[in-house]
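Q: Its first residue numbered 860, the sequence shown is counted upward by one per residue in the numbering used here.
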Amino acid sequence: LEEEMELGWAGWENSPAIKLGQEISAVSNLDSIRQELGDCQRCRLHASRTRIVFGTGNPHAELVFIGEAPGREEDLQGEPFVGQAGQLLTRIIEAIGLSRQEVYITNVIKCRPPENRNPALEEIAACEPFLIKQLAAIRPRLICALGTFAAQTLLKTEAKISALRGRFHVYQGIPLMPTYHPAFLLRNPQKKRDVWEDMKKLKKEYEKLRAASAAQNAQ
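1. State the Cα-Cα distance for the pair Pro-918 and Ile-991, rounded to the nearest angstrom.
2. Might you give, ordered along the chain, the residues of its own chain that have their beta carbon closer than 8 Å to the beta carbon of Gly-967, omitting 5 neighbours on each side?
3. Of all the alpha helix (DSSP H) runs that stay within the bounds of the segment 883-933, which reach a length of 4 or more residues?
4. Name the one or two DSSP bridge partners that Ala-1004 has.
5. So Ala-920 and Pro-1041 are in contact, right, with Cβ under 8 Å, and what is the actual spacing, rounded?
6. I need the DSSP call for Phe-989, collapsed to helix, strand or coil.
7. Does the separation of the CB atoms of Ala-996 and Ile-892 fall below 9 Å?
8. Tell me which residues share the same chain as Ser-958 and place their Cβ nearer than 8 Å to its Cβ, disregarding the 5 neighbours each side in the sequence.
9. Can you grab the Cα-Cα spacing for the pair Ile-911 / Asn-975, in whole Å?
10. Should the segment 934-954 be called in touch with the segment 1013-1032, which here means at least 3 C-beta pairs below 8 Å?
11. With a 10 Å radius around its C-beta and 16 neighbouring C-beta atoms as the bar for buried, classify Arg-1069 as buried or exposed.
12. Among residues of its own chain, excluding the 5 on either side of Ser-884, which ones have a beta-carbon nearer than 6 Å to its beta-carbon?
13. Note down the Cα distance separating Gln-894 from Asn-888, rounded to an integer number of angstroms.
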């Protein structure tokens, strides 16, 4: 691995894995969150969706990938990242030595916006609380935000993904790496090198956290 870029901040290595659990009550696992979501009609997206796309993967994952919203294939199958962009994400995950079954994959928005348009503010307001609860239940140690929308929503910024990627940020005490969305890479394959640089940093931090956990458990 190449040397990682300067992070520009320090101290999160010893911070709690997540603090969100203090903010919610009576929601301790993903099943109960999905039940709470129900046949959601909290925003207008319910009128055009086929299926709610909640999330998939390891409910105790140490690494969570978060995208924008379901596309056509995801809307039909009810699972995130199963189309062409999803196949590319699978290859990216495998390239850092993991599998889809080891990580957790979800989106900020759980229903497909018509014609894959950008989600509206009221749709974000309706859906984001469920993402927060998902993260509280999973308690990941690392997050990868895929694309501008996911990164801007999580980090509460208007900065472009090109300015955010390449270094870690912090979301609720959790190191977060923004990178380009796989769908963007399909249209702009020249950016794959940038994503690989981001993934090498992500892999390095993942391995460091795993090693620290193993050392702590051995004591």
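Idealized CB from N, CA, C, for every residue including glycine.
A: Concretely, from the data shown:
1. 14 Å
2. Gly is not the amino acid found at residue 967; the sequence shown has Val there. Taken in chain order, the residues that qualify are Ile-925, Gly-926, Glu-927, Ala-928, Pro-978, Ile-983, Cys-986, Glu-987, Leu-990, Phe-1008, Ala-1009, Thr-1012 and Leu-1013.
3. 889-896
4. Ile-925 and Pro-1037
5. Actually they are not in contact, since the Cβ atoms of Ala-920 and Pro-1041 sit about 18 Å apart, beyond 8 Å.
6. helix
7. yes
8. Ile-952
9. 15 Å
10. no
11. exposed
12. Only weak support exists for where Ser-884 lies, its pLDDT of 37 falling under 50; the value from the coordinates is given anyway. So no residue of the chain qualifies.
13. 10 Å
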